[in-house]
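In the working numbering, the protein residues as written are 58 to 501. Here the structure is laid out as structure tokens; the discussion comes afterwards.
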Amino acid sequence: MAINRPKGTQDHLPDGSPKLTSDISARAFSYVTDTARRVLERAGASFIATPMFEEAEVVKRGVGGSTDIVRKEMFSVYYFGDHGGYVLRPEGTAGIVRAYLQNGLKQLPTPLKLWTHGPMFRAENVQKGRLRQFHQVDYEVLGSTDPLVDAEAILLMVQVIQGLGLTGVQVKLGSIGDPEDRDRYNSYLRELFTPHVERLSDDSRDRLERNPMRILDSKSQADQALIQELQVRPMLDFLGPEAQQHFEAVRGHLDAWEVQYEVDPSIVRGLDYYRRTAWELHHQHIGAKSALGGGGRYDGLAAQLGGHETPGIGWAFGVERLLLALEQEGVTLPESEGPLLYVAALDPEHIGVAARVALSVRAIGAAEFGYKAQKPGNVFRDAERKRARYAGLIGSDEAAAGTVTLKHLQSGEQQTLPVSELVAYLTGQAAADMPASQALDSRA
Numbered sequence: 058m059a060i061n062r063p064k065g066t067q068d069h070l071p072d073g074s075p076k077l078t079s080d081i082s083a084r085a086f087s088y089v090t091d092t093a094r095r096v097l098e099r100a101g102a103s104f105i106a107t108p109m110f111e112e113a114e115v116v117k118r119g120v121g122g123s124t125d126i127v128r129k130e131m132f133s134v135y136y137f138g139d140h141g142g143y144v145l146r147p148e149g150t151a152g153i154v155r156a157y158l159q160n161g162l163k164q165l166p167t168p169l170k171l172w173t174h175g176p177m178f179r180a181e182n183v184q185k186g187r188l189r190q191f192h193q194v195d196y197e198v199l200g201s202t203d204p205l206v207d208a209e210a211i212l213l214m215v216q217v218i219q220g221l222g223l224t225g226v227q228v229k230l231g232s233i234g235d236p237e238d239r240d241r242y243n244s245y246l247r248e249l250f251t252p253h254v255e256r257l258s259d260d261s262r263d264r265l266e267r268n269p270m271r272i273l274d275s276k277s278q279a280d281q282a283l284i285q286e287l288q289v290r291p292m293l294d295f296l297g298p299e300a301q302q303h304f305e306a307v308r309g310h311l312d313a314w315e316v317q318y319e320v321d322p323s324i325v326r327g328l329d330y331y332r333r334t335a336w337e338l339h340h341q342h343i344g345a346k347s348a349l350g351g352g353g354r355y356d357g358l359a360a361q362l363g364g365h366e367t368p369g370i371g372w373a374f375g376v377e378r379l380l381l382a383l384e385q386e387g388v389t390l391p392e393s394e395g396p397l398l399y400v401a402a403l404d405p406e407h408i409g410v411a412a413r414v415a416l417s418v419r420a421i422g423a424a425e426f427g428y429k430a431q432k433p434g435n436v437f438r439d440a441e442r443k444r445a446r447y448a449g450l451i452g453s454d455e456a457a458a459g460t461v462t463l464k465h466l467q468s469g470e471q472q473t474l475p476v477s478e479l480v481a482y483l484t485g486q487a488a489a490d491m492p493a494s495q496a497l498d499s500r501a
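The following block contains the structure:
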């Protein structure tokens, strides 16, 4: 019997794996999350981690009980003694807002910027770009309604994408207004669609009474054809003065920062707690629609979860979908950095000495040691294969004198140093060799 990973999941593999492709490269995966961390933490975001499963009620309130995610795509968890209604998280925002409320994070200075990354779960129909376990990077800001916060959130999402080297990406921007604006829009949609109810899909007939805006998100081709035929007016036509002013302020900040975007009137969010700004990030060639991710303002979510009124805005993108985009564009990833030192013994009785040398160097950088005795040529060969900066030899003479023979692999320069001085020497050499950009990164 063959042993296979579960359908709709991926293994992310280390370099050198025989079945490695760029979209399942662990190095590419780390490249995405490391780039997000660098951009977001430089903007003042703090990392937060929440459980991979939440109480079902948190997710139902956070995502919406009538959404396809809750009705069709949510994985229930029954491995606990109380069988008490836990689900694997289908997205990250609800859990972060729950953690904000439960742990008194409102006491921290606002706006509070948080970010996370981790696995999410949905019972998807598996296809290119659609997995049942996938990974997201999430950025959330709580405690401010300022349109400047909205614009910065969009900018940071774009900067993460640009930091990865992607170019074929487009921001589509819209606004869903305030609750009273959506009430007017939903009344218009009911009046428009009711005479054509027989032509709607079963799901959209159900939405017509409860939440007509969600018809516009329908995956049914028949629904979309009817929307086109009826020439449905966009939500932007129904914005009140305050929501319109907010939208124009967001656009003004983006224009000032020269962020490229397209106003897309078709962007909607059907849940009650969403407010005003909404956007999507699209790529040209990743299949299963082109969205890499998106975001929006959710000022009503905290109250929906039973907490105090707290404005919020956030975004998320799928890591695997970004990996597909990187592959499609042929983006060259940075080479993984080898160890600072690879050191090995020339005879079996000194393997422990080589190990102690490597362990001492790990205080300042990566260091590896050989587990068996090796000839000098094999030590240098293995060090080059590992892309080490230095190779170290411990023979009988070195062990007796408390020294190590050190070779700089790029220049070929070789010298013998006291082991007691090795860390200080390598620290100085590493600082001298490091490009200025890397030196700045190390202090970030």
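Glycine included, each C-beta is placed from N, C-alpha and C at the ideal position.
When only Cα atoms are considered, Y331 and A359 end up about 11 Å apart. A direct Cα-to-Cα measurement between V96 and F86 gives close to 16 Å. For A445, the closest of S82, V418 and L474 by C-alpha to C-alpha distance is V418.
Here the alpha carbon of G422 sits roughly 54 Å from the alpha carbon of E299. Cβ-Cβ distances below 7 Å link V215 to V228 and V316 in the same chain, with the five nearest sequence neighbours on each side left out; the list follows chain order.
Of the candidates H174, N182 and L205, the residue whose Cα lies closest to the Cα of Q193 is H174. In this structure, L416 keeps its C-beta atom at 8 Å or more from the C-beta atom of L379.
Between E98 and E319, the alpha-carbon positions lie close to 27 Å from each other. Residue pairing by DSSP puts K229 in a beta bridge opposite E319 and E337. Taking C-beta separations shorter than 6 Å and ignoring five residues to either side along the sequence, the partners of Y355 in its chain run Y330, Y331 and G369, following chain order. In the structure shown, L249 falls within a helical segment according to DSSP collapsed to helix, strand and coil.
Nearest C-alpha to G149 among S74, G371 and A180: G371.
The segment 278-295 and the segment 245-263 touch, with three or more beta-carbon pairs separated by less than 8 Å. The three-state reading of DSSP puts S103 in strand, counting E and B together. Assignment of T473 by DSSP, reduced to helix, strand and coil, places it in the strand class. The Cβ neighbour count for I60, taken over all protein chains shown within 10 Å, is under 16; the residue is labelled exposed. Closest option to T224, judged by alpha-carbon separation, among Y428, L162, R239 and Q341: Q341. In this structure, the CA atom of T66 is about 19 Å from the CA atom of A373. Positions of the beta strand (DSSP E) runs, each at least 3 residues long and wholly inside the segment 330-403, are given as 332-340, 348-354, 369-375 and 398-402 in order along the chain.
Rounded to the nearest whole angstrom, the CA to CA distance from G297 to R239 is 10 Å.
Under the three-state reduction of DSSP, D68 is assigned to coil, being neither helix nor strand. In the structure shown, I451 falls within a strand segment according to DSSP collapsed to helix, strand and coil. Secondary structure of V325 (DSSP, three-state): coil. Separation of Y428 and L463 (C-alpha to C-alpha, rounded to the nearest whole angstrom) is 18 Å. Q302 counts as exposed, since fewer than 16 other C-beta atoms from the protein chains shown sit within 10 angstroms of its C-beta. Excluding its 5 nearest sequence neighbours in each direction, S453 has no C-beta neighbour in its own chain below 6 Å. For Y428, no beta strand (DSSP E) run applies, since DSSP gives it neither H nor E. Excluding five sequence positions before and after V480, the CB atoms of its chain that fall closer than 8 Å to its own CB belong to S417, V418, A420 and I421, given in chain order. Between the beta-carbon of A424 and that of L390 there is about 24 Å, and that puts the pair past the 8 Å contact cut.
Under the three-state reduction of DSSP, E148 is assigned to coil, being neither helix nor strand. Shown here, D203 sits in coil according to DSSP, grouped into three states, outside any helix or strand.
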